[in-house]
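Worksheet: one structure, shown below.
In our numbering, the protein residues as written are 107 to 349.
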């Protein structure tokens, strides 16, 4: 019986020692699993996705980022900085950096991590997608603990469709004339991004199946482009007016 309890205690201890990590955007917002982060420019710093890695455990952890897949590009025009290392190109299946980044216990590392795409594409095949996974390793190089997977997406200048085109995503807007909040319902999960007319991303949030409300009280009055990306990689855009 003592042996059983000892084994059970060891399993609990081993599980507790696996750090829980999260990926944080520059504004402190957490990147959700499977999130699509969309840009429609290759200008710097507008198209730079800056991020940090938080370790919520009481023990330090080792981190790498893996290029899971690349669509409509070859990775030769993608800048990836992670820890002390900056790369001017990446390859599918590779993990970076060669030596993992150490994130201290109960802390957020302060490296200038970022992903920045310079590839404008071939004029036909879009979007350009880079799927990444931030994951943990043990001292033997084996993957352990939780991970976070997300997509950096580049699209061309946003084409604006009609409200009816949102039906293909199962999205229904309450109104394209909004005040403090944007209200809509959806039949699936996805991400919503608000762009100004210069293509600058102002708001990006995850939406869920059912009723959704996006707060726009910090956005000034004007015309904007709302882009929605569903979990099955369908997208649509529509103009809205903020009163």
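C-beta atoms are modelled at their ideal positions from N, C-alpha and C, and glycine is treated no differently.
Excluding residues up to 5 positions away in sequence, 319, 320, 321 and 322 lie with their Cβ nearer than 7 Å to the Cβ of residue 287 in the same chain. Distance from the Cα of residue 226 is smallest, within the candidate group 137, 256 and 153, for 153. The secondary-structure analysis by DSSP pairs residue 201 across a beta bridge with 172. Relative to residue 146, the option among 254, 338 and 331 whose CA is nearest is 331. Between residue 202 and residue 186 the beta-carbon gap is near 6 Å, inside 8 Å, which marks them as a contact. Listed in chain order, the alpha helix (DSSP H) elements of length 4 or more contained wholly in the region 237 to 316 amount to none.
Here the C-alpha atom of residue 341 lies approximately 11 Å from the C-alpha atom of residue 232. For residue 159, DSSP records a beta bridge to 129.
Its chain contains 187 as the residues whose beta carbon lies nearer than 7 Å to that of residue 218, once the 5 sequence neighbours on both sides are disregarded; these appear in chain order. About 5 Å separates the beta carbon of residue 142 from that of residue 297, a gap short enough to meet the 8 Å contact definition. Proximity of the region 193 to 201 to the region 156 to 167 falls short of the contact definition, fewer than three beta-carbon pairs being nearer than 8 Å.
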